[in-house]
Every structure is written in C-alpha cells, then in structure tokens.
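Colleague: Using numbering that gives the first Met the number 0, you'd call the opening residue of the sequence shown number 0 and step up by one each time.
Once you've had a glance at the structure underneath, I'll fire off some questions.
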Amino acid sequence: MENIIEIRHLNKLFGTGESQVAALQDVSLEVRAGEIFGIIGLSGAGKSTLVRCMNLLERPDSGEMLFHGKDLTQLKPKELRGERRKISMIFQSFNLLDQRTSLENICFPMELAGVPAKDRRKRAQELLEIVGLPDKAGSYPTQLSGGQKQRIAIARALASEPEVLLCDEATSALDPQTTDSILKLLQKINREQGITVIIITHQMSVIEQICNRVAILDHGVVAEIGEVEQVFSNPKSKAGRRLVSPDVALPLSNWEGSVARIAFNGGMTEEPVIATLAMKKQIAVTILGADTRNVDGKAFGTMLVSLPENPADKKIVLDYLNSCDGVTAEEVQ
Numbered sequence: 000m001e002n003i004i005e006i007r008h009l010n011k012l013f014g015t016g017e018s019q020v021a022a023l024q025d026v027s028l029e030v031r032a033g034e035i036f037g038i039i040g041l042s043g044a045g046k047s048t049l050v051r052c053m054n055l056l057e058r059p060d061s062g063e064m065l066f067h068g069k070d071l072t073q074l075k076p077k078e079l080r081g082e083r084r085k086i087s088m089i090f091q092s093f094n095l096l097d098q099r100t101s102l103e104n105i106c107f108p109m110e111l112a113g114v115p116a117k118d119r120r121k122r123a124q125e126l127l128e129i130v131g132l133p134d135k136a137g138s139y140p141t142q143l144s145g146g147q148k149q150r151i152a153i154a155r156a157l158a159s160e161p162e163v164l165l166c167d168e169a170t171s172a173l174d175p176q177t178t179d180s181i182l183k184l185l186q187k188i189n190r191e192q193g194i195t196v197i198i199i200t201h202q203m204s205v206i207e208q209i210c211n212r213v214a215i216l217d218h219g220v221v222a223e224i225g226e227v228e229q230v231f232s233n234p235k236s237k238a239g240r241r242l243v244s245p246d247v248a249l250p251l252s253n254w255e256g257s258v259a260r261i262a263f264n265g266g267m268t269e270e271p272v273i274a275t276l277a278m279k280k281q282i283a284v285t286i287l288g289a290d291t292r293n294v295d296g297k298a299f300g301t302m303l304v305s306l307p308e309n310p311a312d313k314k315i316v317l318d319y320l321n322s323c324d325g326v327t328a329e330e331v332q
C-alpha cells in the first residue's frame with residue numbers, strides 16, 4: 000500500500016527559556032493508505048501534539064508533514080483548508096454543539112463548506128444510518144449517552160468525506176462495552192469506505208483490538224514502530240515493554256542471578272512450555288513475573304524466568320525455549 004501520510008523529522012517545542020519543553024523530537028513515521036494505525040504512549044508522551052500536527056492544528060517548529068506527498072506546512076491558508084477537509088478528527092470530549100440537534104451537528108461542516116441545505120440534510124441522515132442512530136436526528140447532545148455522542152461525532156467527521164480519520168483518545172471516556180462498539184464501528188468504516196484511521200490512545204487493549212500497525216511514543220520520541228502482533232509479543236524498546244507488559248518490563252531488582260525474558264508470539268496456549276522444559280531437560284527455572292493472555296487460543300505476552308548459572312545449562316534452556324513454536328527467549332540480566 001502507498002503511504003497517505005509521511006512525517007519527516009518533526010519537532011515541536013512549547014514554552015521558552017528554561018521552561019521550554021520538547022513535545023516532539025525528530026519524529027518520523029509513515030501511515031499507509033487504508034490501514035488502521037495506532038499511536039500509543041503514556042501521559043505526556045506527545046501523542047495528542049503529534050496528531051494535531053497531522054492536520055496542522057498545531058504547527059510544528061521544523062520538519063515535514065506530507066499528505067499524499069504534499070507538505071502541509073508549506074501550503075497557503077486556502078490550500079491548507081482544502082487539504083484539512085480530507086483529514087477529519089474526533090475527540091475524547093466529543094465537541095458537539097449543545098444548541099444543535101444530532102442532524103444539525105452532522106450538517107455543520109457541510110454548511111461551512113457551502114453544501115445546499117437539502118443536500119446536507121440528506122447526507123446527514125445517511126450518516127446517521129451508518130453510525131446506527133437513525134432515530135436520533137432530532138435529539139440534542141444532552142439527551143444522548145457518551146457512546147451515542149461519539150457516534151454523532153464520527154458521523155460529523157465523515158460529513159466532509161475525508162480520506163483520513165484522526166481519533167484522539169476517542170474511547171478513553173467510555174465504558175468497556177461502549178468502547179468495543181465504537182471500535183467495531185471504526186473498523187466497519189475503515190473496511191467499507193476505505194478511510195485510513197489513526198488511533199491515538201494510552202490503552203494497549205485498543206491497539207490490540209483494532210490496529211494493523213503501531214508506533215510507540217516516549218517523551219516525544221518514536222521508540223518503536225511495527226506490526227501490532229510483533230510489537231505486542233516481543234517489544235524491542237523499554238517504552239514498549241512498559242506498555243505491553245508493565246509487570247515484567249525490567250528484570251526484578253532483587254534477583255541477583257541470570258534472567259531470561261520469554262516472548263509468547265502466538266503459539267498454542269495449551270503448550271506448557273516451562274513444565275515441558277523441566278521434564279525434558281531436567282532443568283528447573285523459576286517464574287519471576289508474567290503478563291500473558293489468551294487471544295483466540297494463542298498465547299501472547301511476556302514472562303521473566305531465572306536462568307541456571309552453569310553456562311552449558313543456560314544454553315540448553317535458551318535453545319529449548321527458542322525452539323518452541325511461537326516463543327522467543329533472550330537473556331536480559
């Protein structure tokens with residue numbers, strides 16, 4: 000797939016003098032047309048700043064923000080407004096106009112674009128069908144639940160017929176069941192309309208459920224980019240390990256011996272890897288920490304185990320673990 004967005008060496012500073020903060024530092028990444036791309040990081044990582052730089056709601060201090068190969072930072076205001084209509088955004092707080100009905104909220108961007116009243120109302124009603132709320136056309140935001148407000152916000156974002164949908168913590172204010180329904184709606188929109196979706200979140204579960212690829216931000220720096228399954232099963236960066244497996248991100252400080260980190264990359268869950276190691280090789284290891292889960296009968300996650308001090312036995316353990324289906328192991332202490 001071709002790239003629809005390319006970010007090259009982006010930098011963004013806030014403040015001046017000693018209080019100056021580098022929100023983004025030399026950020027480079029690519030988003031492919033038609034994919035669901037995730038950007039994740041802890042609070043303060045620079046996620047929201049990055050997504051606002053994608054449509055120039057925040058103007059970067061340096062670097063390039065390319066959309067279809069065109070650097071948005073170099074466009075004149077009129078040209079930029081035209082490109083922005085192709086990059087819609089939804090927010091955690093919904094940002095609906097309280098004095099307007101659902102239908103009128105969806106009509107608003109079309110109204111600004113000069114679409115005739117009859118046409119924009121027809122399109123808004125179609126969008127209400129797409130988001131599953133055809134009966135809420137006359138309802139005001141105060142009469143809607145959080146999930147319904149976000150569906151109206153999604154419909155409003157689609158009104159300009161965008162190519163990219165930016166979702167800035169769009170589900171973090173919702174309960175798990177509503178979050179699941181909103182994510183399924185975004186997947187449906189992506190699949191049926193071919194709209195590229197970019198998810199900004201601090202929740203790994205959201206990335207795991209919906210995204211194809213993910214970038215991990217850490218203090219304004221891209222720590223890691225890759226396929227979601229690859230990053231989830233075997234994160235390469237410290238920031239990735241903190242997000243994916245916070246309980247086993249680093250070897251335990253009170254353990255003085257050698258430690259291995261085992262990554263489960265999708266092998267069958269019923270395979271008792273550690274027990275089989277002890278039986279087959281007659282070498283016992285201690286599980287120091289684990290954060291694993293079952294996804295459709297396959298094991299994903301991370302585990303820390305002790306390693307024998309004898310170099311020959313240590314090699315036997317690591318060789319055996321790395322020979323198991325869907326498992327990789329490396330000495331980390």
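All residues carry an ideal CB built from backbone N, CA and C; glycine is no exception.
May I have a chain-ordered list of the alpha helix (DSSP H) segments no shorter than 4 residues that lie completely inside the segment 89 to 117?
Modeller: 101 to 111, all fully within the segment 89 to 117.
Colleague: Could you check how far apart the C-beta atoms of T48 and L23 are, in whole angstroms? I think they sit under 8 Å.
Modeller: Contact flag correct, Cβ pair sits at about 6 Å.
Colleague: How would you write the range of the beta strand (DSSP E) that M278 sits in, first residue to last?
Modeller: That residue, M278, is in no beta strand (DSSP E); its alpha helix (DSSP H) goes V272 to K280.
Colleague: Give the DSSP-derived three-state secondary structure of M53 in the structure shown.
Modeller: Looking at M53 - three-state DSSP - the assignment turns out to be helix.
Colleague: Rounded to the nearest angstrom, how far is the Cβ of A136 from that of T100, given a contact under 8 Å?
Modeller: Indeed they touch by this definition, with Cβ atoms about 7 Å apart.
Colleague: Reducing DSSP to helix, strand and coil, say where Q24 ends up.
Modeller: In the structure shown, Q24 sits in a strand (DSSP, three-state: E or B).
Colleague: Please report the distance separating the alpha-carbon of P140 from that of I89.
Modeller: About 15 Å.
Colleague: Start and end of the beta strand (DSSP E) containing R241?
Modeller: Looking at the DSSP string, R241 is not in any beta strand (DSSP E); the run it does join, the alpha helix (DSSP H), is K237 to V243.
Colleague: On the DSSP bridge list, what partners appear for I224?
Modeller: BP columns for I224 point to A214.
Colleague: Where do the ends of the alpha helix (DSSP H) carrying N321 lie?
Modeller: First-last of the alpha helix (DSSP H) with N321: P310 to S322.
Colleague: Can you tell me whether T285 is buried or exposed, with buried defined as 16 or more other CB within 10 angstroms of its CB?
Modeller: T285 comes out exposed.
Colleague: Thinking C-beta only, is V196 closer than 8 Å to L184?
Modeller: No, the pair does not count as a contact, with Cβ atoms beyond the cut-off.
Colleague: Considering Cα atoms alone, identify which of H67, A158, A222 and V230 is closest to L111.
Modeller: Closest option to L111, Cα to Cα, is A158.
Colleague: Which two residues bound the contiguous beta strand (DSSP E) that contains R83?
Modeller: No beta strand (DSSP E) contains R83, which is instead part of the alpha helix (DSSP H) from P76 to R83.
Colleague: Under a Cβ-count criterion, where at least 16 other Cβ atoms within 10 Å of its own Cβ denotes burial, should N233 be classed as buried or exposed?
Modeller: Under this definition N233 is a buried residue.
Colleague: Contact defined as beta carbons within less than 8 Å: I believe A283 pairs with A277. What is the distance between those atoms, to the nearest angstrom?
Modeller: Their Cβ separation, rounded to whole angstroms, is 5 Å, which keeps A283 and A277 in contact under 8 Å.
Colleague: Between the Cα of N10 and the Cα atoms of A123, L182 and R51, which residue gives the shortest distance?
Modeller: The shortest C-alpha separation from N10 is found at R51.
Colleague: Would the segment 210 to 217 count as touching the segment 32 to 43 if we require 3 or more Cβ pairs under 8 Å?
Modeller: The answer is yes - the segment 32 to 43 touches the segment 210 to 217, with three or more Cβ pairs under 8 Å.
Colleague: Can you tell me the Cα-Cα spacing of E168 and T275, whole angstroms?
Modeller: One C-alpha to the other measures close to 42 Å.
Colleague: Taking the alpha carbon of C323 as the reference point, which residue from V272, L287 and P310 has its own alpha carbon closest?
Modeller: When only C-alpha atoms are compared, the closest one is V272.
Colleague: My assumption, with CB atoms under 8 Å, is that E255 sits in contact with V227. Please give the rounded CB distance.
Modeller: So it is not a contact: roughly 35 Å between Cβ atoms.
Colleague: Could you spell out the range, first to last residue, of the beta strand (DSSP E) harbouring D167?
Modeller: First-last of the beta strand (DSSP E) with D167: V163 to D167.
Colleague: I want to see whether chain B comes within less than 8 Å of R99, judged by CB atoms only; does it?
Modeller: Of the chains in the structure shown, none is chain B; there is only one protein chain.
Colleague: Could you pull out every unbroken alpha helix (DSSP H) segment of at least 4 residues lying fully inside the segment 132 to 204, listed in chain order?
Modeller: Within the segment 132 to 204, the complete alpha helix (DSSP H) runs of at least 4 residues are 145 to 157 and 175 to 192.
Colleague: CB S236 to CB T200, shorter than 8 Å?
Modeller: Not a contact, by the Cβ cut-off of 8 Å.
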